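Trainee: I am attaching a structure below and will ask some questions about it afterwards.
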Amino acid sequence: MEVIYTVTSANELKIDYTATTDKATVLNLTSHSYFNLSAGADSAILDHELQINADHYTPVNEFLIPTGKIDAVKGTPMDFTTAKLIGKDLNSVKGGYDHNWVLN
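For what it's worth, the working numbering labels the leading residue of the sequence shown as 1, then goes sequentially.
Here's what the structure looks like:
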């Protein structure tokens with residue numbers, strides 16, 4: 001497996017994954033990078049503004065494991081289709097934001 005991180009001339013972070021297996025297998029590569037954009041001024045990210053281009057997400061069970069369902073974000077605390085502060089609806093989400101968003 002190989003992961004290449006690139007910062008583009010437009011200040012975008014690009015992550016490229018490649019993998020080779022010796023047998024057929026399921027492969028779901030992802031990144032669990034977390035960024036605090038306050039330049040050290042704050043240890044929390046609750047006042048960071050976030051927008052996610054996703055109309056759906058995958059709900060989780062009490063162990064924060066995806067249930068297999070795909071739900072709409074509209075009108076829920078999971079709705080980041082327009083920019084909002086991360087902390088705005090956080091207390092309404094049991095276990096916090098530990099979900100997959102289904103990107104458009």
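Note that CB positions come from ideal geometry on N, CA and C, so glycine has one too.
Because the structure is a prediction, the values reported are computed rather than measured.
(1) Should phenylalanine 80 go down as buried or exposed, given a rule of 16 or more other Cβ atoms within 10 Å for buried?
(2) Would you be able to state if there are at least three C-beta pairs under 8 Å between the stretch 69–80 and the stretch 88–97?
(3) Would the beta-carbon of valine 102 fall within 9 Å of that of histidine 56?
(4) In three-state terms, what does DSSP make of leucine 50?
(5) For leucine 90, does the three-state DSSP call read helix, strand or coil?
Mentor: Considering the structure as presented:
(1) For the purposes of this step, residue 80 is taken as the residue at position 80 of the sequence shown. Buried, because 16 or more other Cβ atoms sit within 10 Å of the Cβ of phenylalanine 80.
(2) yes
(3) Translated into the one-based positions of the sequence shown, residue 102 becomes position 102. Translated into the one-based positions of the sequence shown, residue 56 becomes position 56. Closer than 9 Å, so yes.
(4) Locating residue 50 in the sequence shown gives position 50, where the first residue counts as 1. Strand, per DSSP.
(5) Against the sequence shown, residue 90 aligns to sequence position 90. The answer is helix: DSSP assigns leucine 90 an H, G or I state.
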